[in-house]
Amino acid sequence: MAPSTLPETPTLGKVHSGIPESLLHKATSAKAAVYDGKTVSDKIPLKRGLPIPQGISEKAFLSAIDELRTAIGAENVELNDKEVNNGWYMEHPNTHDMMPLFDVEEFIASAVVYPGSVQEVQIIVRWANKHLIPIFPISIGRNLGYGGSAPRVRGSVTIDLGRRMNKILDINAEDYTCLVEPGVTFYALYEELQKRGLGDKMWIDTPDLGGGSVLGNTLDRGVGYTPYGDHWAVHSGLEVVLPKGEVVRTGMGGLEGSNTWQCFPYGFGPYSDGIFSQSNYGIVTKMGMALMPNPGGFESFMYTFQNESDLAPLMEIIRPLRIANILENVAQLRHGLQTLSIQGFPRAKYFKGKGQMPESIYREELKKTKTGDHAWVYYGMSYGPANIRKFKLDIVDAEFHKIPGCRKIDSKTLPAGEYFWSRDRIASGTPDLEELRWVNWMPNGGHIAFSPVSPIRGIDAERLFALAKQRHAEAGIDLMPAFCVGLREMHIIVEIVFDAQDADMKQKAEKCLRDMIDDAARLGYGEYRTHLALMDQVAGTYNWNDGALMKFNNTLKDALDPRGILAPGRCGIWPARYRQRGWELKGGEKRVEGDGVGPQPGGNKI
Ligand code: ADP
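Take the sequence shown: its letters are residues 1 to 606, numbered as in the UniProt record's numbering.
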């Protein structure tokens with residue numbers, strides 16, 4: 001579709017997952033740029049027909065779907081039997097991975113259901129148990145780079161919680177907390193605070209893009225960029241529908257009438273919240289979250305460093321400053337090539353050759369940008385009144401300048417459209433829509449991340465950067481790492497941008513990712529989060545003591561979900577019926593399915 005004929009992106013006033021009015025102009029131009037880079041139509045008819053999950057006949061499946069329609073309303077159950085429709089970030093599909101590494105009909109749902117209440121979620125779960133149909137919950141489904149809305153098992157029924165369960169149930173302006181349903185996006189929570197006149201008093205913490213759900217992002221242990229950036233660490237209280245249909249509330253929510261659910265996460269007894277993040281043990285229907293008091297002022301800063309070899313000494317400087325909270329937020333140290341790609345132009349504008357873009361070319365191009373030539377750029381923010389900020393910023397300035405060639409970029413020289421201001425908004429709790437720009441690097445741009453964690457040390461940064469550099473060079477893929485610095489650890493996020501229509505490039509991308517995961521594991525590093533296609537491999541690297549952790553995970557899975565219906569395979573955790581049947585993806589496969597499912601242990605009766 002020509003960018004000029006694109007329909008307008010729906011706003012929050014129209015749909016729960018929409019864009020705020022204030023960002024509509026950005027959505028319009030971001031969407032035009034995405035569609036400018038598409039070489040194929042969005043809508044493709046299904047080649048293989050309705051994707052029925054293994055272990056059930058088409059007839060039995062369709063009759064089960066009819067039963068579900070009767071139970072929760074025909075309008076709340078949609079079969080996925082016609083086409084895939086890719087869309088883009090703001091108008092994304094809820095049936096499949098729109099940036100697939102494999103054929104688009106591999107990680108794909110057979111149907112999507114839209115529960116409107118906790119009771120309806122329970123009905124769906126009991127229905128899945130009765131018919132042994134795999135189900136896969138999503139909140140918004142914008143977990144892009146990690147699989148989006150796609151289920152791990154082909155033909156699973158997706159439970160799209162966000163469409164009808166999207167209320168902000170509480171904002172408590174005394175405790176600085178909120179309680180949300182799955183379909184509340186960072187955009188929506190931000191807008192509601194402004195509407196209630198609380199925006200000056202309290203901040204949210206937002207990821208790079210604000211369209212994901214607060215609840216889904218937190219369950220997948222996503223991060224944002226204010227001092228409250230570790231979302232899981234600042235949540236308090238979950239309500240969960242368990243795989244057999246019971247409902248539990250965790251922490252203080254276990255005490256009838258408690259007013260402390262969103263203030264004290266632990267309650268009494270075992271702290272159970274952990275088993276519901278990055279797992280397949282429950283469907284979360286409510287979550288509490290802390291909001292940050294307005295710190296009374298903020299100031300973004302940006303420094304550049306000239307040499308790739310500055311990485312290690314810089315990390316040695318960053319660590320003590322970060323642990324002492326002189327560097328206060330989850331800041332980013334980005335590679336220079338990312339400064340170029342975030343300009344939003346296709347790589348072909350700068351270089352038409354195959355393989356990696358030569359360093360000499362992007363360094364020349366960087367000279368023409370407002371940031372100038374550099375190997376690394378640090379984006380940070382200082383919080384509080386001016387005198388308190390000055391105290392911290394002076395220390396940072398003196399420490400960073402110990403690296404020869406370090407330059408502080410004067411933000412007053414940067415025009416309003418400069419990416420720096422997007423980081424400024426995000427680090428001060430205002431969700432934005434600019435991070436997509438680097439996906440335009442490739443036509444039909446898809447992305448997938450390698451995301452290991454390590455201590456904030458020079459030697460660790462150097463090792464991880466070196467292995468990523470080597471594997472990217474072998475694969476001929478441009479390397480654009482970013483280091484996100486938490487309190488005592490850093491995530492290195494290496495996003496591979498690929499052409500989703502280029503099978504050869506996707507194969508190379510997969511090999512590069514798998515090699516990096518193995519290399520990192522050999523050196524003692526593991527990933528904090530991963531794409532559906534890589535979950536088995538990553539889970540397999542956490543194998544201390546003969547895989548004791550996965551044995552424990554399997555014990556929990558069998559106890560909580562004996563019929564194995566909830567998100568089989570998510571995070572490498574397979575129900576008993578799927579084990580030893582070739583469902584694990586090890587690399588090089590063309591199909592994501594295993595060889596059938598076993599009988600229900602203990603018979604098929606519930
Ligand atoms: P977002 O809302 O950020 O777009 P998604 O809805 O894509 O995130 O969810 C991210 C991941 O977390 C998904 O893979 C999904 O399986 C899991 N997830 C999302 N919502 C829930 C939920 N309410 N209960 C259990 N797991 C969930």
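In this text, a Cβ means the ideal position worked out from N, Cα and C, and glycines have one as well. Keep in mind the model is a prediction, meaning the values are calculated, not measured.
- At a threshold of 7 Å, Arg-579 does not count as near the ligand ADP, since its beta carbon sits no closer than that to any of the ligand's heavy atoms.
- A distance criterion of 7 Å places the beta-carbon of Gly-216 in contact range of the ligand ADP, judged by its closest non-hydrogen atom.
- Across the set Asn-94, Asp-66 and Phe-107, the C-alpha of Phe-107 shows the shortest separation from the C-alpha of Pro-51.
- In the structure shown, Trp-544 falls within a helical segment according to DSSP collapsed to helix, strand and coil.
- Counting the other Cβ atoms within 10 Å of the Cβ of Gln-262 gives 16 or more, which makes it buried.
- Within its own chain, the residues whose Cβ lies closer than 7 Å to the Cβ of Leu-549, once the five positions on either side in sequence are excluded, are Tyr-542, listed in chain order.
- Excluding residues up to 5 positions away in sequence, Ile-517, Gly-526, Glu-527, Thr-530 and Gly-572 lie with their Cβ nearer than 8 Å to the Cβ of Val-538 in the same chain.
- Distance from Phe-420 to Ser-300 at the Cβ level is roughly 7 Å; contact confirmed, criterion being Cβ atoms closer than 8 Å.
- Look at the stretch 195 to 273 and you find these whole runs of alpha helix (DSSP H), each 4 residues long or longer: 214 to 219.
- In the DSSP assignment, Val-125 is bridged to no other residue.
- With 16 or more other Cβ atoms from the protein chains shown falling within 10 Å of its own Cβ, His-374 counts as buried.
- For the options Gln-580, Ser-279 and Pro-293, the alpha carbon positioned closest to that of Met-535 is the one of Ser-279.
- Between Phe-483 and Leu-333, the gap from beta carbon to beta carbon is short of 8 Å.
- Secondary structure note for Cys-571: it is in no beta strand (DSSP E), with a DSSP letter that is neither H nor E.
- Ser-454 sits buried, since 16 or more C-beta atoms from the chains shown fall within 10 Å of its C-beta.
- When the beta-carbon positions are compared, Thr-369 and Ile-409 stay at least 8 Å from each other.
- Distance between Ile-426 and Asp-515, taken at the CA atoms: about 33 Å.
- Gly-147 has its alpha-carbon roughly 8 Å from the corresponding atom of Pro-100.
- Within the stretch 381 to 463, the complete beta strand (DSSP E) segments of 3 residues or longer fall at 445 to 450 and 452 to 455, listed in chain order.
- In this structure, Gly-55 has its beta carbon at no less than 7 Å from each heavy atom of the ligand ADP.
- For Pro-270 against Gly-251, the beta-carbon gap comes to about 11 Å, at or over 8 Å, which does not count as contact.
- Looking at the DSSP output, Thr-185 sits in a beta bridge with Ser-213.
- Of the residues Tyr-281, Leu-523 and Glu-316, the one whose Cα lies closest to the Cα of Asn-554 is Tyr-281.
- Residue environment for Gly-417: exposed (fewer than 16 other C-beta atoms within 10 angstroms of its C-beta).
- Unbroken beta strand (DSSP E) runs of no fewer than 3 residues, entirely contained in the stretch 25 to 109, are found at 43 to 45, 77 to 79 and 83 to 85, following chain order.
- A distance below 8 Å separates the beta carbons of Gly-162 and Ser-17.
- Contact between Leu-337 and Leu-479 is confirmed by a C-beta separation of about 7 Å, below the 8 Å threshold.
- A direct Cα-Cα distance of roughly 38 Å separates Val-248 from Ser-22.
- Exclusion of Asn-553 from the 7 Å shell around the ligand ADP follows from its C-beta lying no nearer than that to any non-hydrogen atom of the ligand.
- The secondary-structure analysis by DSSP pairs Leu-566 across a beta bridge with Ile-135.
- Pairwise C-beta distances place the stretch 32 to 43 in contact with the stretch 432 to 441, as three or more of them are shorter than 8 Å.
- For Gly-336, the uninterrupted alpha helix (DSSP H) segment begins and ends at 336 to 341.
- In the displayed model, Ile-317 falls within a helix according to three-state DSSP.
- In this structure the stretch 151 to 160 lies against the stretch 50 to 67, because at least three pairs of beta carbons, one per stretch, are closer than 8 Å.
- Short of 7 Å from the beta carbon of Gly-564, and not among the five residues preceding or following it, lie these beta carbons of its own chain, in chain order: Pro-575, Ala-576, Arg-577 and Tyr-578.
- At least one heavy atom of the ligand ADP lies closer than 7 Å to the C-beta of Ile-138.
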